[in-house]
Amino acid sequence: MVDKVTLATGAVGGVGNQPLRSKPQPAATGGTTFEEVLKAQLGREPAVRFSAHAQRRIQSRQIDLGGEEAVRLEQAIDRAARKGARESLILMDDLAFVVNVKNRLVVTAVDAQSRKEDIFTNIDSVVLT
Numbered sequence: 001m002v003d004k005v006t007l008a009t010g011a012v013g014g015v016g017n018q019p020l021r022s023k024p025q026p027a028a029t030g031g032t033t034f035e036e037v038l039k040a041q042l043g044r045e046p047a048v049r050f051s052a053h054a055q056r057r058i059q060s061r062q063i064d065l066g067g068e069e070a071v072r073l074e075q076a077i078d079r080a081a082r083k084g085a086r087e088s089l090i091l092m093d094d095l096a097f098v099v100n101v102k103n104r105l106v107v108t109a110v111d112a113q114s115r116k117e118d119i120f121t122n123i124d125s126v127v128l129t
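One point on numbering: in this note's numbering, the residue at position 34 of the sequence shown is 34, and numbering is uninterrupted.
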């Protein structure tokens, strides 16, 4: 025996033929949204970069740039940028760095031994840190 089944036509609704509604998602509280993180990262100045020449000098002269030194170098570049410097000589302990401030690019790195022999040209500022 076959029973006849009748299907209702029209849109499927919620309870009592009311239309389905999507529930608004509550805003995240206390957390940082992806959009906020993305905007912060896009607006952030890039970290310090090292040219190929500077990388070779750091390796050949066995210069150790630990976390504290890297932070100090970044802060020195920030200070130079606030003063409008373009090419800075940053003197930090027994190290010297020539930095393109706008690009936040270390052009060369010199240790105390090599610094005695060098002349620094094409700089417009010196930062002591």
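Each residue gets a CB set at the ideal place from its N, CA and C atoms; glycine is no exception.
The residue among Ala47, Ala81, Asp118 with its C-alpha nearest the C-alpha of Lys102 is Ala81. Here the region 101 to 117 lies against the region 75 to 93, with 3 or more beta-carbon pairs under 8 angstroms apart.
The three-state secondary structure of Leu65, taken from DSSP, is coil.
Contact between the region 118 to 125 and the region 56 to 65 is absent: fewer than 3 CB-CB pairs across the two stretches fall below 8 angstroms. The C-beta distance from Leu91 to Val126 rounds to 7 angstroms, short enough to meet the 8 angstroms contact threshold.
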